[in-house]
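Engineer: Numbering (the UniProt record's numbering), first residue to last: 1 to 1072.
Submitted below is the structure of interest, expressed as structure tokens.
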């Protein structure tokens, strides 16, 4: 029977044509959905479905079903009304221009309004009859393709305006478009700004997925045959038997509803052939379009080729597909290319190896080949299936004989593991025999746990109820072991499901071992592991065969890998099935519990969370309530820290009211809504959270406890992080990275902050807050002691510094009080910063100031220790503290005056030891100038000349003059010398004065009443002439006379001896 059929529907061309449309449950559901959404206020829809799924015919049928002028109601809507339709078929052009041309509009610069006016006129023509204007744009994607490449902003804006015009709930206007892919897919070549606008358009159209299942396509085919094929079905028993055959061998996974009737209605297309054909057309063709092309085709390989009482089988499906879809099948990019080639190769081999029964062998190969491609992976394509399926045409004896011949020719082989025949593809290996062979060479007494860990994997489970209520995702990881595990979960994992494979343990053992552990671990004890062990053995054997297989035998290796993959799936199946079976016992915290299915398991995971993490705060902020946040949140965190530091006193941290960046959203959830940031008078403060979220306050209190502990000793911030990452809180890292910096900034005045590398950190800014999240181990805190005694002692310091008293200790007040000492040290001359010519206490005090990092420690520990005082004694005795302050002042003064004391010592040495006078500046300056006034410049060495120039300088300031002399002797100023330089200075002064004295002519010296001058000349063979000018001041004359008397008493009576002794002594003195 010849049937007219159009390969596709055109809603413009076929608007008034009669079409034999067959609706399905799926299309009825979609039609009702569109009407229900329309009645709720949504008037714009976009149908998305692949090529040939029947979108166009659906649009045609929907128009017919709604129009009162049509007798059809394909979708049983019962909603007939006056309908006017604007049908448009897409083309590669501007949709805006299409409407301009459609309504013959002469543009006046306001084209959008003109178009909408014409559309409204169309609507008004049926408005009074409560009519409906339907605008159908089929192939809408062609307009989108054009828009993406030609002024996309303008084109998409028009489409957006069109949708908004239609979506007015006061107008009964329905807009339906159809595309082959999501609207986003057409925008791949646009920039980010244009894509953003594209998404706005997408949001104006309600998306309706349109995909027909296999069952529907088969139903359409059955209805076609029912209406157009009148041959009597003489193979009814055979046809009905195929339904059972499908179930028995798990060939095709399709709905069982009315399958027997469907199988009968498909006649002369048998059920297996129909499903195979439909799946092939879905995969390679265009679904409904290709299916009806097949049904109505006069192709000599199609339905029309059947002889009377003949069936269209899988073998005929192969012939039809191989010819009509040849280009697709032979395309090397076709994922089934090798399977199709294998069938073709086997058919060619049959021609050369079979002299008779060629058709039978070919039908068997085609059936096995196509079923291997399109049936379920677990399908059993065995001999019984082949006999029953081909029985309408061949006898069972004949089929069995040909199957054996095909096996003998190694064209097909039977896999007992799959319970299926496979085309060999020229594979030399007999896999089944190889697996049997290696069975004798593997150790089957292995421990199953290591093997399970290798092959078996479980998903991470989320405790849904707990996660939903708190906003904190609680994730449980499966752990496989032979013995019980007692691990503490870390990072993103919050608990474990420990699968224990050890048949030696009993019920009492689990109860005893798990009680009072208080760990978030649920134990599952497998008491029957036979199936699991058996599967592991099969995997081990197959892997050994694969390892030994010839690398050139690619088909065998591929098949072995496929077997291993199936065995691994089977292993998962056994463990998962047994997980809730009678052979698995469950335990938690010393109690045996009942877990019957996945739902009860998940509910109990939430109960574990309530038990182990009772203080988890409610934070419904998915952006941060996770272990790892996105890069965008890292950037948002920086912006939040910046505002927190600089604008904490402003409302909402100064965020604009009309903008909602991610950091503002996080601030609102975590800081504002919890009451941490709140108004106080005319300003805003950071404070303890309010009691609306009790567990949040518990977390805050844990942070407060950490600060209290830090009063006794310095605490690293990592300790606080680890505390909050453990039970009973176990906050996620994303929350911690916001909460801890916020807490520490709020409490910044209560502690001193230290960096392990650079020491004391006086101020906390946004960079420090960010480093808390990146390098927390580098930072530690020491909380200030808040006892009254400490505050009293601190205020006494402030009194000494002329600063006002404080009611409490804070970082700011400590910094204010330590600043004068730091400034003192900074202003000291370099000499004063390093000299040891101070009292021990002064040196220790100076060191305490120089190394000051922790202001609290400096005032309460370092200063008292430097001056040999005990803090406890100072706190208890006000009188002792007054003495301590007096000593502090004294030693501070000693440090400050140490450089002046250096100058004083230098002056004393010059006046007393060198000049031997008791005189003050500038008198001694005049004396030394006069002393060397007789020297001529040509007599002087460079260093002597330099020294004498400084002596004779016009400086009238004592310190400057003495400093200039010292500079001449040491070539550096006094402020830069150290203690060793002071001794060198004195030695060089003494020797330089002696040198200059020796250059002086005694006869040119002016006589002074307070000084006697002698010039001594000694000549020897060894030394030659030695001269020395000796000056004896009046003050030293008495000391000389006194010592002469002592010397004379010991010289004896021999004059020559006395002269020799005096000469030798004088010579030695001159040589020194």
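Just so it is clear, CB atoms sit at the ideal spot from N, CA and C, and this is done for glycine as well.
Quick caveat, the model's predicted, so the values are computed rather than measured.
Which value, in whole angstroms, describes the spacing of the CA atoms of residue 245 and residue 387?
Structural biologist: Sequence index remark: in the chain shown, residue 245 carries index 245 (1-based). Sequence index remark: in the chain shown, residue 387 carries index 387 (1-based). Their backbone Cα atoms lie some 11 angstroms apart in a straight line.
Engineer: In the DSSP output, which residue or residues are listed as bridge partners for residue 461?
Structural biologist: For the purposes of this step, residue 461 is identified with residue 461 of the chain shown, where counting begins at 1. Note: residue 461 sits in a beta bridge opposite 476.
Engineer: Across the region 911–922 and the region 895–902, are there enough close Cβ pairs to call them in contact, namely three or more that are closer than 8 angstroms?
Structural biologist: In short, these stretches do not touch, since the Cβ pair count stays below three.
Engineer: For a quick check, are the C-beta atoms of residue 797 and residue 859 less than 7 angstroms apart?
Structural biologist: To locate residue 797, count along the chain shown from 1; it is residue 797. To locate residue 859, count along the chain shown from 1; it is residue 859. Contact flag set, yes.
Engineer: For the beta strand (DSSP E) holding residue 677, just list the boundary residues, first then last.
Structural biologist: To locate residue 677, count along the chain shown from 1; it is residue 677. Looking at the DSSP string, the run of the beta strand (DSSP E) that includes residue 677 is 677–680.
Engineer: Check residue 287 in the structure and name its three-state DSSP category.
Structural biologist: Translated into positions along the chain shown, residue 287 becomes position 287. Note that residue 287 scores 48 on pLDDT, short of 50, meaning its location in the model is unreliable; the coordinates nonetheless yield the value given after this. Note: residue 287 maps to helix in three-state DSSP.
Engineer: Which ranges would you report for the alpha helix (DSSP H) in the region 185–219 if only whole runs of at least 4 residues count?
Structural biologist: With a minimum length of 4 residues, the continuous alpha helix (DSSP H) runs that stay inside the region 185–219 are 192–204.
Engineer: Should the region 595–613 be regarded as contacting the region 468–485, the criterion being three or more beta carbon pairs within less than 8 angstroms?
Structural biologist: Short answer: they touch.
Engineer: Compute the Euclidean distance between the alpha carbons of residue 669 and residue 675, then round it to the nearest angstrom.
Structural biologist: Numbered from its first residue, the chain shown carries residue 669 at position 669. Numbered from its first residue, the chain shown carries residue 675 at position 675. Their backbone Cα atoms lie some 10 angstroms apart in a straight line.
Engineer: Are there 16 or more other CB atoms within 10 angstroms of the CB of residue 683, so buried, or fewer, so exposed?
Structural biologist: Taking the chain shown and counting its residues from 1, one reaches residue 683 at position 683. Exposed.
Engineer: Around the Cβ of residue 908, are there at least 16 other Cβ atoms within 10 angstroms (buried) or fewer (exposed)?
Structural biologist: Taking the first residue of the chain shown as position 1, residue 908 is located at position 908. Looking at its Cβ environment, which holds fewer than 16 other Cβ atoms inside 10 Å, residue 908 is exposed.
Engineer: Are the region 155–167 and the region 189–209 touching, with three or more C-beta to C-beta distances below 8 angstroms?
Structural biologist: They touch, by the three-pair rule.
Engineer: State buried or exposed for residue 389, treating a residue as buried only when at least 16 other CB atoms are found within 10 Å of its CB.
Structural biologist: Locating residue 389 in the chain shown gives position 389, where the first residue counts as 1. Buried is the call here.
Engineer: For residue 125, does the count of other Cβ atoms within 10 angstroms reach 16, so buried, or fall short, so exposed?
Structural biologist: Numbered from 1 along the chain shown, position 125 holds the residue referred to as residue 125. Burial call: exposed.
Engineer: Report yes if the C-beta distance between residue 364 and residue 336 is below 7 angstroms; otherwise report no.
Structural biologist: For the purposes of this step, residue 364 is identified with residue 364 of the chain shown, where counting begins at 1. For the purposes of this step, residue 336 is identified with residue 336 of the chain shown, where counting begins at 1. No.
Engineer: With a 10 Å radius around its C-beta and 16 neighbouring C-beta atoms as the bar for buried, classify residue 295 as buried or exposed.
Structural biologist: Stepping through the chain shown from its first residue, residue 295 is reached at position 295. Residue 295 is buried by the Cβ-count criterion.
Engineer: Curious, which full-length alpha helix (DSSP H) runs of at least 4 residues does the region 380–428 contain?
Structural biologist: For the region 380–428, whole alpha helix (DSSP H) runs of length 4 or above, ordered along the chain, are 383–389, 396–408.
Engineer: Please report the straight-line C-alpha distance between residue 950 and residue 1049, rounded to a whole angstrom.
Structural biologist: As a first step, residue 950 is located in the chain shown; it is residue number 950 there, counting from the start. As a first step, residue 1049 is located in the chain shown; it is residue number 1049 there, counting from the start. The straight-line gap from Cα to Cα measures roughly 45 angstroms.
Engineer: Please classify residue 216 as buried or exposed, where buried requires at least 16 neighbouring CB atoms within 10 angstroms.
Structural biologist: Along the chain shown, one-based indexing puts residue 216 at 216. Residue 216 comes out buried.
Engineer: Would you mind giving the Cβ-Cβ distance between residue 432 and residue 457, rounded to the nearest angstrom? I have them listed as a contact below 8 angstroms.
Structural biologist: Locating residue 432 in the chain shown gives position 432, counting from the first residue. Locating residue 457 in the chain shown gives position 457, counting from the first residue. No, residue 432 and residue 457 are not in contact; Cβ-Cβ is about 28 angstroms, not under 8 angstroms.
Engineer: Measure the C-alpha to C-alpha separation of residue 1110 and residue 853 and round it to an integer number of angstroms.
Structural biologist: What is shown of the chain runs 1 to 1072, which leaves residue 1110 out entirely.
Engineer: Report the option in 316, 339, 513, 384 whose CA atom is closest to the CA atom of residue 362.
Structural biologist: Stepping through the chain shown from its first residue, residue 362 is reached at position 362. Here the closest residue by C-alpha is 316.
Engineer: I need the DSSP call for residue 525, collapsed to helix, strand or coil.
Structural biologist: Your numbering for residue 525 matches position 525 in the chain shown. Note: residue 525 maps to strand in three-state DSSP.
Engineer: By the DSSP assignment, the alpha helix (DSSP H) with residue 494 in it spans what residues?
Structural biologist: On the chain shown, position 494 is the one that residue 494 refers to. It is not in any alpha helix (DSSP H) - residue 494 instead sits in the beta strand (DSSP E) that spans 493–501.
Engineer: Excluding five sequence neighbours on each side, which residues of the same chain lie with their C-beta closer than 6 angstroms to the C-beta of residue 183?
Structural biologist: On the chain shown, position 183 is the one that residue 183 refers to. These residues qualify, in order along the chain: 202.
Engineer: Verify whether the separation of the beta carbon atoms of residue 546 and residue 560 is less than 7 angstroms.
Structural biologist: Looking up residue 546 in the chain shown gives position 546. Looking up residue 560 in the chain shown gives position 560. Yes.
Engineer: What residues match up with residue 759 in a beta bridge as DSSP calls it?
Structural biologist: Numbered from its first residue, the chain shown carries residue 759 at position 759. Answer is 755, bridged to residue 759.
Engineer: In angstroms with no decimal places, state the Cα-to-Cα distance between residue 25 and residue 209.
Structural biologist: Looking up residue 25 in the chain shown gives position 25. Looking up residue 209 in the chain shown gives position 209. The alpha-carbon atoms of residue 25 and residue 209 are separated by roughly 14 angstroms.
Engineer: From what residue to what residue does the alpha helix (DSSP H) around residue 722 run?
Structural biologist: For this step, residue 722 is matched to residue 722 along the chain shown. Residue 722 -> alpha helix (DSSP H) spans 717–724.
Engineer: Taking 7 angstroms as the threshold (C-beta atoms), are residue 239 and residue 275 in contact?
Structural biologist: In the chain shown, residue 275 corresponds to position 275, counting from 1. In the chain shown, residue 239 corresponds to position 239, counting from 1. Contact flag unset, no.
Engineer: With 16 as the cutoff for other CB atoms within 10 Å, does residue 324 come out buried or exposed?
Structural biologist: As a working note, residue 324 is residue 324 in the chain shown. Result: buried.
Engineer: If we call anything under 7 angstroms between Cβ atoms a contact, is residue 934 one with residue 1000?
Structural biologist: Taking the first residue of the chain shown as 1, we reach residue 934 at position 934. Taking the first residue of the chain shown as 1, we reach residue 1000 at position 1000. Cβ atoms of residue 934 and residue 1000: closer than 7 angstroms.
Engineer: Quick one, which of 103, 81, 783, 403 has its alpha-carbon nearest residue 1074's?
Structural biologist: The first residue shown for the chain is 1 and the last is 1072, placing residue 1074 beyond what the model contains.
Engineer: Is residue 526 closer than 7 angstroms to residue 584 when the C-beta atoms are compared?
Structural biologist: Within the chain shown, the letter at position 584 stands for residue 584. Within the chain shown, the letter at position 526 stands for residue 526. Going by C-beta atoms, residue 584 is nearer than 7 angstroms to residue 526.
Engineer: Let me know if residue 1064 comes out buried or exposed under the rule of 16 or more other beta-carbons within 10 Å of its beta-carbon.
Structural biologist: For the purposes of this step, residue 1064 is identified with residue 1064 of the chain shown, where counting begins at 1. Its Cβ having fewer than 16 others within 10 Å, residue 1064 is exposed.
Engineer: Between which two residues does the beta strand (DSSP E) carrying residue 363 extend?
Structural biologist: Locating residue 363 in the chain shown gives position 363, counting from the first residue. Careful: residue 363 lies outside any beta strand (DSSP E), inside the alpha helix (DSSP H) at 358–374.
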